[in-house]
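Undergrad: To convert a position in the sequence shown, counted from 1, into this note's numbering, add 2.
Here's a structure for you.
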Amino acid sequence: MDIDQQTRAQAQEVFARNLEYITAGRIREWVELFDPAGVLEFPYPPPGVPSRFVGHHELYEHMKDFPKQFDVHFSGLTFHETTDPELVIAEFVGEGRGVVTKRPFHQVYISVVRFRDGRIVHFRDFWNPLATIRAAATVGHMWRGLVDLMRPASKRGPA
């Protein structure tokens with residue numbers, strides 16, 4: 003196995019471990035998969051949710067309550083090979099339930115992840131925020147979110 007193959011295999015293994023840690027609610031270990039200055043980015047965040055988190059502290063603060071919100075498992079992990087061994091493009095499915103609402107959760111993901119020295123330096127995660135809102139939000143949260151969306155952009159809550 004040449005160095006590119008080793009680098010690619012390591013990046014794919016770390017990506018798979020990222021899914022395992024999220025499933026198991028091991029958020030502190032999940033954060034450690036990232037470079038200390040690593041970035042998690044959501045190009046299409048739900049209203050009121052930041053689109054970018056930088057560094058271990060922000061990553062942890064963003065994800066620490068995920069296990070209290072979702073009981074999820076991932077399947078169908080497929081890697082799309084690139085010419086860059088430190089770039090992973092992955093497709094997978096998340097299924098489960100909102101912990102509080104008991105509503106089903108089904109999400110198709112595409113992730114574009116840059117690695118350096120075996121750590122995540124930039125994780126761009128493409129997913130449907132409506133699936134997340136349906137599964138996790140209480141009626142009050144959904145109503146407030148819809149009302150906020152109907153306001154002019156200049157009068158909406160913080161993004």
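C-beta atoms are modelled at their ideal positions from N, C-alpha and C, and glycine is treated no differently.
Keep in mind it's a predicted model, so treat the numbers as computed, not measured.
Since Gly95 and Phe76 should fall inside the 8 angstroms C-beta cutoff, what is the C-beta to C-beta distance between them, to a whole number of angstroms?
TA: The sequence position of residue 95 within the sequence shown is 93, counting from 1. The sequence position of residue 76 within the sequence shown is 74, counting from 1. Here the sequence assigns Val to residue 95, which means Gly is not the residue at that position. That belief holds up - the Cβ atoms of Val95 and Phe76 are roughly 7 angstroms apart, short of 8 angstroms.
Undergrad: What is the DSSP secondary structure of Ala139, reduced to helix, strand or coil?
TA: Along the sequence shown, one-based indexing puts residue 139 at 137. Ala139 falls in the coil class under three-state DSSP.
Undergrad: Under the assumption that Phe55 contacts His64 (Cβ atoms under 8 angstroms), give the Cβ distance between them as a whole number of angstroms.
TA: Your numbering for residue 55 matches position 53 in the sequence shown. Your numbering for residue 64 matches position 62 in the sequence shown. Their Cβ separation, rounded to whole angstroms, is 5 angstroms, which keeps Phe55 and His64 in contact under 8 angstroms.
Undergrad: Residues in its own chain within less than 7 angstroms of Val114 by CB, not counting five upstream and five downstream?
TA: The residue you call residue 114 lines up with position 112 of the sequence shown. Only Ile91, Arg126 meet the Cβ criterion.
Undergrad: For the alpha helix (DSSP H) that Pro69 lies in, which residues bound it at each end?
TA: Looking up residue 69 in the sequence shown gives position 67. Residues 68–71.
Undergrad: Using alpha carbons as the reference points, say which of Pro52, Arg116, Pro48, Tyr62 lies closest to Ile135.
TA: Reading the sequence shown from its first residue, position 133 is the one you call residue 135. It is Pro48.
Undergrad: Can you list, in chain order, the residues of its chain with a C-beta nearer than 6 angstroms to that of Pro69? Leave out the 5 residues immediately preceding and following it.
TA: The residue labelled residue 69 in the question sits at position 67 within the sequence shown. Counting only Cβ-Cβ distances below 6 angstroms, and skipping sequence neighbours, we find Gly27.
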